[in-house]
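Numbering (the numbering used here), first residue to last: 4 to 191. A quick write-up on the structure given underneath.
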């Protein structure tokens, strides 16, 4: 889970907002390695949230979600809203958008207070964002991608899919874009 720092929008944030839609945007000249991406991915989701005081009783805490949450996740989203509401002692407004870039823009600009996003947007905008929580699975921080193939097909790893069609998703998604892109780059 990533939260806005509450600071004024830094130059990198303004650059991001003016550069939406460009999947090849700069990272301030610092190359991002696969290790950086994997480490950042661990910071993507949250199961815990620190208490936050709201400015007014009727003001809601705006929490951003990307399309990784589908409408069939309504029960999970209900639990998330209840949990966060109990932790902060106030009303939670879940804000959904179509892309990571849209949610990140809202977060960096201060229009939402926190979001459940993958680690790459955090790596891009560390100066503007604070890491609040990391996902924990079976007592350990974990983030992983899955390779899914037809049940009758023998595929041991991603190289077994050579020549097949691959569907990419959001260019800021670790699982939906960056992992495959990194694997392809390593094996040119």
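Don't be surprised by glycine CBs; every beta carbon is placed ideally from N, CA and C.
Rounded to the nearest whole angstrom, the CA to CA distance from residue 154 to residue 102 is 30 Å.
Per DSSP, reduced to three states, the secondary structure at residue 152 is coil, with no helix or strand assignment. Pairing residue 66 with residue 112 gives a Cβ-Cβ distance that is not under 9 Å. Residue pairing of residue 157 in beta bridges, as defined by DSSP: absent, with no partner found.
Residue pairing from DSSP places residue 144 in a beta bridge opposite 139.
In this model, residue 100 and residue 170 are separated by some 20 Å (Cα to Cα). In the DSSP annotation of this structure, the continuous segment of the beta strand (DSSP E) that includes residue 67 starts and ends at 64–68. Measuring C-alpha to C-alpha distances from residue 121 to each of 189, 70 and 64 identifies 70 as the nearest.
Distance from the CA atom of residue 173 to the CA atom of residue 85, rounded to whole angstroms, is 28 Å.
When rounded, the separation of the alpha-carbon atoms in residue 189 and residue 91 is 44 Å. DSSP, reduced to helix, strand and coil, places residue 182 within a helical segment of the structure shown.
Beyond the five residues adjoining it in sequence on each side, residue 80 comes within less than 8 Å, by CB distance, of 68, 72 and 97 in the same chain, given in chain order. CA-CA distance, residue 144 to residue 128, rounds to 21 Å.
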